[in-house]
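Take a look at the structure below.
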Amino acid sequence: MAGLDEAASAAYVREMLAKACGDPGIFDDAALASAHGASGGSVRRLNAVVANALMIGMQQQARAVTAEMVRSAAEQAWLL
Numbered sequence: 090m091a092g093l094d095e096a097a098s099a100a101y102v103r104e105m106l107a108k109a110c111g112d113p114g115i116f117d118d119a120a121l122a123s124a125h126g127a128s129g130g131s132v133r134r135l136n137a138v139v140a141n142a143l144m145i146g147m148q149q150q151a152r153a154v155t156a157e158m159v160r161s162a163a164e165q166a167w168l169l
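Last residue of the sequence shown: 169 in this note's numbering, with the numbers rising by one and none dropped.
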């Protein structure tokens with residue numbers, strides 16, 4: 090089974106955030122691209138890196154999740 094492409098990954102993250110009553114725009118395009126790259130299109134890995142990035146954003150009291158936060162999250166999840 091093939092993984093998600095970059096556009097599908099971004100749509101998936103935004104949809105999941107909206108379903109959780111979150112702001113689908115909290116991840117900018119660069120952060121979503123970074124999450125896709127770290128996950129390789131795997132939904133399981135994408136969920137892990139996005140969850141970790143949200144935790145980092147919360148810890149930093151950030152208004153948005155950046156690509157740097159996503160890279161840190163991926164490193165913590167041993168995806169990079």
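Virtual Cβ for every residue (Gly too), placed ideally from N, Cα, C.
Practice item. Report all residues from its chain with a CB closer than 6 angstroms to the CB of His125; omit the five preceding and five following residues, and keep chain order. Key: Correct list, in chain order: Glu95, Ser98.
Point to revise | CB of Leu135 within 8 angstroms of CB of Tyr101, strictly | key: Remark: C-beta atoms of Leu135 and Tyr101 approach each other more closely than 8 angstroms.
Exercise for review: Note down the Cα distance separating Val138 from Lys108, rounded to an integer number of angstroms.
Suggested key: Approximately 18 angstroms between the Cα atoms of the pair.
Point to revise | Assumed close pair Ser115, Val159 - CB separation to whole angstroms, cut-off 8 angstroms | key: Just to set this straight, residue 115 is Ile in the shown sequence, not Ser. 12 angstroms between Cβ atoms; not a contact.
Exercise for review: Enumerate in chain order the residues of its own chain whose CB-to-CB distance from Leu106 is below 8 angstroms, with the five nearest sequence positions on each side excluded.
Suggested key: Within its own chain, the residues whose Cβ lies closer than 8 angstroms to the Cβ of Leu106, once the five positions on either side in sequence are excluded, are Asp112, Pro113, Ile115, Phe116, listed in chain order.
Review point. Do Ser123 and Ala166 come within 8 angstroms of each other at the CB atom, strictly closer than that value?
Key: No.
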